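One rule links them: number in the numbering used here = place in the sequence shown (from 1) + 653. The beta-carbon is built from N, C-alpha and C at its ideal position, and this holds for glycine as well. Everything numeric in this text was worked out from a predicted model, so none of it was measured. Take a look at the structure set out below.
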Amino acid sequence: MTLSWAEDQVGKRRVQLEKEVAIKQFVSGAQSPIQLDLLTSAYNDISQLPVDIQNLIKDKNHFIGEFGAFPNAKMIYFDQYYHSESQQNRPLIILMDFDILELSIEEIAYGAFYVFILLLSLLLIFRRLLKLLSQKLIDPLNDIESQLSNQIVGKDVPFEIEKEAADEFQHLIRELNHYRDENNKLLKREQAFARYASHELRTPLTIIQGANSLLRKKAEKPFLHKQINRIDEATTQMKVMVDALLSIVRYENSEGNLSARVLTKTELQSIVDNNINDYAPIPVEVYVTVLSEPTIYASEAIIQILVGNIIRNAIEASDKEDVAITMSDSILAIKDQGNGLIKSSPNGHGLGLLIVDELCRKFGWRFSLVENHDCRGCLATIHFNTISNHNEQ
């Protein structure tokens, strides 16, 4: 279609150029028809034209276009010119044998094939350019995004990128690795401080316990025995805190090599009993329901701190009401019947819950403290990760 249109436009332009030559010859006295060249003839008498062409231009003042079909197609130009001798307008008809100029079917097919090959070549070139652009811009971004995702879930490996990537991405990877190294150094310093601090605290705690044992043997008054027992309990709690701190450091240093253990009903009940004894004057009943025993990576010291803090906050909030503890393989829920979050504090009952939230974050657990809508009080829940989820992380 495009080639046919182009041919028609060339033919129209050519017969229009012949118009002035034909007019000059007719004005000079040339008789119709005039052979302008091998392809073109000019007429100023309509009666000299074939009948079908006469019928075509009849009742028209102007016409230009192709008439007829291959192999007898002609380009026709019809207009009028002013004849000075007769002082009247006369018709001007220019006929051009158009088929000689038109492309054959084979030539059109060849041209179409050539255009198709050209377009296909351009598409292949553009595809190659897009692929190169993708390798330079898009693929490095996707690769960096994937590596950042791996860093978030705990896979601590250096950032890498292909050598063919743009210089800007190479610089970005260098900066990311620099920040990663600085972050690892800071983390190791924190772990080292926690490890050394824990070891340093063990010595004075052991001395306190030893001296307290000697005082117990010498003390005769009930008042002194009571104070010695309080010192012993406080020292024991402090040692639990130190053991928990060491457990966190060991967990962060060798997370992938830790073995799982089961949090049993006996261990949970022991933690509950130890914390109830600290609140003996408060008439609070703690009910423990174990649906199933979860498998975890945290040490006993960590669990003592976690559960102990939540139980103590629940007992302090409940005053004289009951506390219900429910444990399954995925959650540990502690429900109190105190004043709730709105009437007390929206952030919990004390600093202990901040420690609980931080420890849960360390082990990939989720801690929530919400208003208990079924009745009064709050519902504190630890959502454990399953072993399969932990391995995926």
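Discussion item. Count Cβ pairs between the region 962 to 975 and the region 985 to 996 that sit closer than 8 Å; are there 3 or more?
Written reply: yes
Worksheet item: What do you reckon, is the C-beta of Glu-974 under 7 Å from a heavy atom of the ligand ZN?
Response: Absence of the ligand ZN is noted for the structure shown, with no ligands found whatsoever.
Fill in: Residue range of the unbroken alpha helix (DSSP H) whose run includes Glu-817
Here Glu-817 belongs to no alpha helix (DSSP H), and DSSP marks it neither H nor E.
Fill in: Residues bridged to Ser-694 [DSSP beta-bridge criterion]
Gln-688, Leu-748
Discussion item. Judging by CA-CA distance, which residue of Ala-1033, Asn-928, Ala-913 is the nearest neighbour of Glu-946?
Written reply: Ala-913
Worksheet item: Can you tell me whether DSSP reads Thr-917 as helix, strand or coil?
Response: coil
Worksheet item: If you draw a straight line from the alpha carbon of Glu-671 to that of Tyr-763, how long is it in whole angstroms?
Response: 31 Å
Item to complete: Report yes if the CB atom of Lys-789 is closer than 8 Å to the CB atom of Ala-765, and no otherwise.
Response: no
Worksheet item: Can you give the Cα-Cα distance for Pro-744 and Gln-662, rounded to whole angstroms?
Response: 23 Å
Worksheet item: Among residues of its own chain, excluding the 5 on either side of Phe-716, which ones have a beta-carbon nearer than 6 Å to its beta-carbon?
Response: Ile-710, Phe-731
Practice prompt. Grab me the residues of Pro-999's own chain with a C-beta within less than 6 Å of its C-beta, minus the 5 sequence neighbours each way, in chain order.
Written response: Below a pLDDT of 50, predicted positions are generally treated as unreliable, and Pro-999, at 43, falls in that range; no measurement from the model is reported.
Item to complete: Excluding the 5 residues preceding and the 5 following Asn-742 in the sequence, name in chain order all residues of the same chain whose CB lies nearer than 8 Å to its CB.
Response: Gln-733, Tyr-734, Tyr-735, His-736
Practice prompt. To the nearest angstrom, report how far apart Asn-708 and Ala-695 are at their CA atoms.
Written response: 18 Å
Fill in: Beta-carbon proximity check, Val-939 vs Lys-918, cutoff 8 Å
no
Item to complete: Grab the span of the alpha helix (DSSP H) containing Arg-965 for me, first residue to last.
Response: 953 to 971
Item to complete: Would you kindly check if the distance between the Cβ of Glu-886 and the Cβ of Val-937 is under 8 Å?
Response: no
Discussion item. So, does the region 791 to 806 touch the region 820 to 836, judging by three or more C-beta pairs under 8 Å?
Written reply: yes
Practice prompt. With a 10 Å radius around its C-beta and 16 neighbouring C-beta atoms as the bar for buried, classify Gln-957 as buried or exposed.
Written response: buried
Worksheet item: Are the beta-carbon atoms belonging to Leu-921 and Lys-892 less than 8 Å from one another?
Response: no
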